[in-house]
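Chemist: Protein chains in written order, with my numbering: chain A, 1 to 761; chain B, 1 to 456.
Positions of the beta carbon are idealized from the N, C-alpha and C atoms, including for glycine.
Nothing here was measured: the structure is a model prediction, and the numbers come from that model.
First the structure, then my questions, so here it is.
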Amino acid sequence: MSFSNIYRASFYAMLVFASLVLSIDGTDSRIAMLYPVAVAAVAVLAFVTVDRNPAAGVTPLLLNLGGLASIALALLEYYVDPNLLLLALGHWLIYLQLILMLRPKTVGEDWQLFLLGLVEVVVGTVISQSDSVGAMLFAWAVLALWVLGLFSLHREAIRARGGLRGASAAPGAAVGEPYPGLLNGPFLLSALRLTATTMALGGVIFLAMPRRVGMARTRAGDVPGQHLTGFDDEVQLGQMGEILENDSVVMSVEMVDEKGARYVPDGEPLWRGVTMSSYENGRWQRQGRSPATLPASLPRTVLQPRPGRPRGVIRQRIKLEANDSTVMFGLRPMIEASAPRREPELNSVDGTLFRSDTRGGSIDYEVRSLRDSELPQPGESAPSPYRVRTRLLAVPDDIRPRLAEIAAREVALRVPPAERSDVRKRAQALEAYLLNPREFSYTLKLEVVDKDIDPVLDFLLNRKEGHCEYFASALTLLLRADGIPARMVNGFKGGDWNELARVMNVRQKHAHSWVEAYLGNTPWPERLPVWITLDPTPGAERDRSVARVGGFKANFYQITDAVRYVWLFYVVGYDAERQNKLFYAPIRALVSEARRGFTMMGQELEKTRAWLRRLLHFPDARSLISVRGFAVSFVVLLLLAGLARASVWLVRRLAAWVRGPDPDAVALAAGAAHYRRLAQLLGEYGLERPPAETQDEFARRATQFLAGRGSDAAAVADVPRAVVDAFYRVRFGHLDIGPAVLGHLEARLDALESSLRANQA
Amino acid sequence: MVGRAARSTLAVLWPTQRQLWTREGFLYFIVWIVLLILGLQQQINLILLVSGLAAGPVAASLVVSRAMLRRLRATRRMPPYAFSGDPFPIDYTLENDRRWTAALALFLEDELAPADRTVSGASGVSPRVFFERVPGRDRARVRWTGVVPKRGRYRCRTMEVVTRSPFGLLERRVTITEPAELVVYPTVGQLTRRWHLVQRQAAETRRGRRHDRTSNQQEYHGLRDYRPGDSPRWIHWRTSARLGQPMVKEFEQQNEQDLAVLIDPWLPRTKVAADQREALEQVVQFAATLCLETCRNPGRRLLLGWTGATPGVRQGPASVKLLHELLEQLAVLRASTEGGLAALFDALPPATLREAILVVVSTRPLNLIEEAERSARLSGASSRGLLGRVLLLDASRGDLADLVQYTDTSVSTALSRREPHAAEHEARVAAKTPAAAVGAAGPAPFPGSNGRDGHP
């Protein structure tokens, strides 16, 4: 494949990837992926037509008309949906690109196309910052570097032919196809090395660029995110089964302790999302929402350490992928939540986090939670008796008797009579009932046994298997039937822990429902509601079910999630804090370490000086006559002798350097170069001149040697004689050899070399 | 020694590599700045990432272009002399000592600058060649062919190897010190029949006054038609009678009498007209042609003298060596605003004054009698004798117009024909190395060559 074809094909591939950066996340638009396809199709068309025959290119008139049409199309797109202004702009760039691709290409046109591709990429990165855009961006960057390199060679070849402005033709430029035989192993290897170097340098520059304090901005994308089933205001029982079989990432969480060290959770953390309080005919409804802010100072109850419970804080840096829900997740109890743009709000009714709208694509926020999950949630309001009665204890009348019967039976079975007044014990007894593997099992298959009764009752009485939502619903209603206020919580349990990145990737399959039972309030004046968390879902069976989701690709999550982590936290979410930690803190540490090292060296130097001073101190001449005096004198004399030798060597070197090369030597080298080349060449084939042999004898022997190596070598058998003659002329005759003869000799030596190589092959 | 030390010190202190922005690189930098400002202002990391990646090629260019020029050796080979106006080849060789990596798209720029621009108003030449690809452990040779500039001494001090690798955004130039010198001889032509006629007329005049011992040395060559201006003494009466038309004898110039070419390169101190400069060049070219024609036949003594504040003389038996000396002198001959022929007469050897034929070529009208009278070395009798052997040519009057014919054929080839001894040994060695392809890519010239290969 010729250089021009490689260059042009690479150029078009780069343009296709630029359009992919713009279109890869266009999930809202059915025609989004048509743009890269169109670019690829036009590239093929241009490659076989206009790039081979420039006369087949688009005329300036058609070019102008096409430009006008592209503006009209982009405006039309904007008027159809004014929210997609950037996307319309990006598409306009693609239209221009398509038109330009059909033009005969000059260097200027190539630069325009390159620039258009770059702007497309910039627009694409502004619109979406997903990892798929990242992958396309990486591919584009690699290709762009490759193309820039080839483009440079292309321009230089044109410049050498005098085809660029201000350039005149230079001898040496190929008349036909430039750079024949360019694409070989060494070239590809050096291109790979160059690409890696350039990317690494670019990466370092990116990391070193100044960042403002606070999280990096993730721009409000035009593209809506995924739907989170189970986090709507109203949830149909069993609906969560859909999300449990989905493998896409909901959020990535980096956890650190209060000292900034990475925190590895002991078990599976429960990421609280929404709470459900009202149940009717298999449907749960959310509790009301009352925005509040987390208190600036923590209540005394929360601050008091409790014996046997973990202490400290967990900071969760969460990258929540774009979704259509206002829910935000965090570990209970949360004491602080922050985000660079819109601060998360606390729902004081149930102590969950939420945001005001779903625009803005993915969101970065940080939550600080106490490690003791049983502590009350600061900022959460204690439920009023009315709410307790109407919401937290509400059970549909048609199922209440059966549920109450089951609850009473199980409590009686598991709690001694003396302890039945203890709400916590009763609640845990009901949780244990559902966790009993002989009674209930976990499944994602939903089969209704009795359609006439409530699904929860059907689960408890007939089916006895289901997923977390059934278990949680059943426990909530059983608790309520037993007179314990309770609510169901939808969120996520655990996640895929990535050992490489030490980050947790929470996927949709990790969605979970559990139960919180209300135990009362903390003492006045704080009066914070005290809830205990109950998880009736069989953990081991659920874990097996979760592990099955994802299929083959789940085997590579350790790698893909690590890459994703780097992308999310060190590219998209790279902020001043991370920059400081990654970049400046090590430099500061290094400088500080170096300073300490220099101080130590200074101290050691001072000690050595003092020691030397003591060693060399001789109060009088008589003190020199001693073992110490002898040793010191010996060493000093030794050093002086070494110094003198070094000085002589240095002076000689300096003198030789100042004198420069011996002109006679140069002349001799010039005259003998051919002979040396001949000797080296023949030496490679075992014919060496012993010291006792003259060059003339050597030439004779070489002639015989060549004459005996076949007809090809015999044709160049006269070369040694000619070279030695020339050598004698220069070396002993002090005569000149003209340029023409030198040229002859060189050519003959070339012929000899190729003949010997061919012979050997 | 001191000069060398100073040059060495300067070479150490002065950087041999320079890096410049190319036009495309400058525009690329502007685009990068826009991206950077946009990214920093918006604090969108992906724009900053694109901006960082876009900065990568610039940063890599700083490092990689240096590597591209590493372990490369460039050498130049050019002849030590050339004739003005002739096609002139310079061979440039680039040797890539790297193991694998090829040297790609390299320009080699050279500068052939006149040592003294006042000699002939000469301007320099800037050869530039392109090395498309030199594979690792290989070499390539490219020949630049240009037209030799005006006469004078030219110097090449340094060459620059230029690369825009790897992205064409920055240009790195490495300066290689490789001094070389080229002497551009004046343009030479061929003496016309008119010159021979003029010379014969002068000789005839001379013979009319005294017996010319050299006339016997003219060798009968043949007969030709009588032309107006031919001396009746040369008419071959017998043949003319037989044919019925006048025929004259033609002699080949076998004159062994010494020849002195005296040049008066005078130009006014101020307000020099273009035709005066042109006259000076004609004088120099005529003298060069005359020297070359004279040296074709060895055995005769030839002298070249020139007027000026310090008149100069070069002389010797006609030979290739002398010819090169004289041509080199003519190449660097400068116009003179002072001095005259009288001072030059004083500088001439007595033998020349006594018996050589003197061809005086001047850019101004000269009164030979006055000049002879002013000369301290010429008495009345010797002055008359001398004036009888002088042929005075005034270029400003157009005396030289039809004495020399300039052809398009390369003069250097003509010179090589006239240098049998010099060409002999080359031919002998070349005969032993037949079928050589000169100019094809082949081995590099000798390392450390000072540009005059074969002239150590």
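Can you tell me whether Glu258 of chain A is buried or exposed? The criterion is at least 16 other CB atoms within 10 Å of its CB, across all chains shown.
Modeler: As a working mapping, residue 258 of chain A is identified with position 258 in the first sequence. The residue in question, Glu258 of chain A, is exposed, as its Cβ has fewer than 16 Cβ neighbours within 10 Å.
Chemist: Would you report the Cα separation of Val174 of chain B and Asn96 of chain B, rounded to the nearest angstrom?
Modeler: In the second sequence, counting from the first residue as 1, residue 174 of chain B sits at position 174. In the second sequence, counting from the first residue as 1, residue 96 of chain B sits at position 96. If you take the alpha carbons of Val174 of chain B and Asn96 of chain B, they lie about 15 Å apart.
Chemist: Extract the residue ranges of the beta strand (DSSP E) inside the region 255-305 of chain B, only unbroken runs of 3 or more that lie entirely within it.
Modeler: 259-264
Chemist: Using CA coordinates, which residue listed in B:Ala347, B:Ala115 and B:Thr363 is at the minimum distance from Arg277 of chain B?
Modeler: Counting from 1 along the second sequence, the entry for residue 277 of chain B is found at position 277. The residue with the shortest Cα to Cα distance from Arg277 of chain B is B:Thr363.
Chemist: Leu403 of chain A and Val448 of chain A - do their beta-carbons sit closer together than 9 Å?
Modeler: By one-based count along the first sequence, residue 448 of chain A stands at place 448. By one-based count along the first sequence, residue 403 of chain A stands at place 403. No, these two residues do not count as a Cβ contact at 9 Å.
Chemist: So which residues of chain A does Ile47 of chain B contact, with C-beta pairs closer than 7 Å?
Modeler: Residue numbering aside, residue 47 of chain B sits at position 47 when the second sequence is read from its first letter. Per Cβ cutoff of 7 Å: Val122, Thr125 and Val126.
Chemist: Taking Arg155 of chain B as the query, report the chain A residues whose CB atoms sit under 9 Å from its CB, ordered along the chain.
Modeler: Within the second sequence, the letter at position 155 stands for residue 155 of chain B. Listed along chain A is no residue with a C-beta nearer than 9 Å to that of Arg155 of chain B; the closest approach is about 17 Å.
Chemist: Taking C-alpha atoms, which residue in B:Val148, B:Ala115, B:Ala105 and B:Trp144 lies nearest to Pro135 of chain B?
Modeler: As a position in the second sequence, residue 135 of chain B is number 135, starting the count at 1. The shortest C-alpha separation from Pro135 of chain B is found at B:Ala105.
Chemist: Please name the residue in A:Leu76, A:Val489, A:Leu500 and A:Asp496 whose C-alpha comes closest to that of Pro513 of chain A.
Modeler: Reading the first sequence from its first residue, position 513 is the one you call residue 513 of chain A. A small fix is needed here, since residue 513 of chain A is Ser in this sequence, not Pro. Per the Cα distances, A:Val489.
Chemist: Output the residue ranges of the alpha helix (DSSP H) runs that lie fully inside the region 69-146 of chain A and measure 4 residues or longer, sorted by chain position.
Modeler: 85-101 and 107-127
Chemist: Any Cβ of chain B within less than 9 Å of the Cβ of Thr106 of chain A?
Modeler: As a working note, residue 106 of chain A is residue 106 in the first sequence. Taking Cβ atoms only, chain B never reaches closer than 9 Å to Thr106 of chain A, which makes this a no.
Chemist: Whole beta strand (DSSP E) runs in the region 456-503 of chain A with 3 or more residues, listed along the chain?
Modeler: Segments of the beta strand (DSSP E) lying fully in the region 456-503 of chain A: 486-493 and 496-498.
Chemist: Could you give the residue range of the alpha helix (DSSP H) that holds Arg368 of chain B?
Modeler: On the second sequence, position 368 is the one that residue 368 of chain B refers to. Just to set this straight, residue 368 of chain B is Leu in the shown sequence, not Arg. Leu368 of chain B -> alpha helix (DSSP H) spans Leu368 to Arg374.
Chemist: The beta strand (DSSP E) spanning Leu270 of chain A covers which residue range?
Modeler: Here residue 270 of chain A refers to the residue found at position 270 when the first sequence is read from its first residue. For Leu270 of chain A, the enclosing beta strand (DSSP E) covers residues Leu270 to Glu280.
Chemist: 9 Å is my cut-off, CB to CB: does Gly683 of chain A come that close to chain B?
Modeler: Residue mapping note: residue 683 of chain A aligns to position 683 of the first sequence, counting from 1. Not an interface residue.
Chemist: DSSP on Ala335 of chain B, reduced to helix/strand/coil?
Modeler: Translated into the one-based positions of the second sequence, residue 335 of chain B becomes position 335. Of the three classes helix, strand and coil, the one that applies to Ala335 of chain B here is coil, per DSSP.
Chemist: Check whether chain B comes within 9 Å of Met136 of chain A, counting only Cβ atoms and requiring the distance to be less than that.
Modeler: What you label residue 136 of chain A is simply residue 136 of the first sequence in a count that begins at 1. For Met136 of chain A, the answer is no, since every Cβ of chain B falls outside 9 Å of its Cβ.
Chemist: Who are the Cβ neighbours of Ala713 of chain A in its own chain at under 6 Å, not counting the five residues just before and after it?
Modeler: Counting from one through the first sequence, the residue named residue 713 of chain A turns up at place 713. Closer than 6 Å at Cβ, skipping near neighbours: Leu706, Ser755 and Asn759.
Chemist: Using the Cβ count rule (16 or more neighbours within 10 Å means buried), how would you classify Arg219 of chain A?
Modeler: On the first sequence, residue 219 of chain A is found 219 positions in, with the first residue counted as 1. Because the pLDDT of Arg219 of chain A is 49, which lies under 50, any placement of that residue in the model is unreliable, and the question is left without a value.
Chemist: Tell me which residue opens and which closes the alpha helix (DSSP H) that Arg578 of chain A is part of.
Modeler: Stepping through the first sequence from its first residue, residue 578 of chain A is reached at position 578. Arg578 of chain A -> alpha helix (DSSP H) spans Ala576 to Gln579.
Chemist: For the beta strand (DSSP E) containing Arg317 of chain A, list its first residue and its last residue.
Modeler: Within the first sequence, numbered from 1, the residue matching residue 317 of chain A stands at position 317. Residues Val313 to Leu320.
Chemist: Can you check whether the CB of Leu320 of chain A is closer than 9 Å to the CB of Met334 of chain A?
Modeler: Translated into the one-based positions of the first sequence, residue 334 of chain A becomes position 334. Translated into the one-based positions of the first sequence, residue 320 of chain A becomes position 320. Taking 9 Å as the Cβ cut-off, Met334 of chain A and Leu320 of chain A do not qualify as a contacting pair.
Chemist: Output needed for His744 of chain A: all residues of its chain with C-beta closer than 6 Å, excluding positions within five of it in sequence on either side, in chain order.
Modeler: As a position in the first sequence, residue 744 of chain A is number 744, starting the count at 1. Hits under 6 Å: none found.
Chemist: Which word fits Ala610 of chain A, buried or exposed, when buried means at least 16 other C-beta atoms lie within 10 angstroms of its C-beta?
Modeler: Sequence index remark: in the first sequence, residue 610 of chain A carries index 610 (1-based). Its Cβ having fewer than 16 others within 10 Å, Ala610 of chain A is exposed.
Chemist: Rounded to whole angstroms, what's the CA-CA distance from Ala381 of chain B to Leu290 of chain B? Just pull it up for me.
Modeler: Position 381 of the second sequence, counted from the first residue, corresponds to residue 381 of chain B. Position 290 of the second sequence, counted from the first residue, corresponds to residue 290 of chain B. Each residue's alpha carbon lies about 29 Å from the other.
Chemist: Give me the Cβ distance between Pro383 of chain A and Tyr518 of chain A, rounded to the nearest whole Å; I'm assuming they're in contact under 8 Å.
Modeler: If you number the first sequence from 1, residue 383 of chain A lands on position 383. If you number the first sequence from 1, residue 518 of chain A lands on position 518. The pair is a contact, with the Cβ atoms about 7 Å apart (cut-off 8 Å).
Chemist: Measure from the C-beta of Gln704 of chain A to each C-beta in chain B and report whether the shortest distance is under 9 Å.
Modeler: Within the first sequence, residue 704 of chain A is the residue found at index 704, counting from 1. No, Gln704 of chain A does not count as interfacial toward chain B.
Chemist: For Ile532 of chain A, which of helix, strand or coil comes out of DSSP?
Modeler: Stepping through the first sequence from its first residue, residue 532 of chain A is reached at position 532. In the structure shown, Ile532 of chain A sits in a strand (DSSP, three-state: E or B).
Chemist: Mind checking which residues open and close the alpha helix (DSSP H) that includes Leu590 of chain A?
Modeler: By 1-based counting over the first sequence, the position of residue 590 of chain A is 590. Unbroken alpha helix (DSSP H) run through Leu590 of chain A: Ala585 to Leu615.
Chemist: Could you tell me how far apart the beta carbons of Leu183 of chain B and Pro80 of chain B are, in whole angstroms, since I believe they sit closer than 8 Å?
Modeler: On the second sequence, position 183 is the one that residue 183 of chain B refers to. On the second sequence, position 80 is the one that residue 80 of chain B refers to. As written in the sequence, residue 183 of chain B is Val, which differs from the Leu given in the question. Indeed they touch by this definition, with Cβ atoms about 7 Å apart.
Chemist: To the nearest angstrom, how far is the alpha carbon of Trp144 of chain B from that of Ser152 of chain A?
Modeler: Stepping through the second sequence from its first residue, residue 144 of chain B is reached at position 144. Stepping through the first sequence from its first residue, residue 152 of chain A is reached at position 152. Going from the Cα of Trp144 of chain B to the Cα of Ser152 of chain A covers about 24 Å.
Chemist: Does the region 394-403 of chain A come close enough to the region 452-469 of chain A that 3 or more CB-CB pairs lie under 8 Å?
Modeler: yes
Chemist: According to the Cβ coordinates, are Leu100 of chain A and Leu113 of chain A closer than 9 Å?
Modeler: As a first step, residue 100 of chain A must be located in the first sequence, where it is residue number 100. As a first step, residue 113 of chain A must be located in the first sequence, where it is residue number 113. Yes, the pair counts as a contact, with Cβ atoms nearer than the cut-off.
Chemist: Residues of chain A with CB under 7 Å from Leu392 of chain B, in chain order?
Modeler: What you label residue 392 of chain B is simply residue 392 of the second sequence in a count that begins at 1. Simply none; closest approach about 40 Å.
Chemist: Less than 6 Å between C-beta atoms, sequence neighbours within five positions excluded: which residues of the same chain meet that for Ile737 of chain A?
Modeler: To locate residue 737 of chain A, count along the first sequence from 1; it is residue 737. Result list for Ile737 of chain A: Ala726, in chain order.
Chemist: Who are the neighbours of Arg172 of chain B on chain A, taking C-beta pairs under 9 Å?
Modeler: As a first step, residue 172 of chain B must be located in the second sequence, where it is residue number 172. Those within 9 Å of Arg172 of chain B in chain A number zero; the least Cβ separation is about 13 Å.
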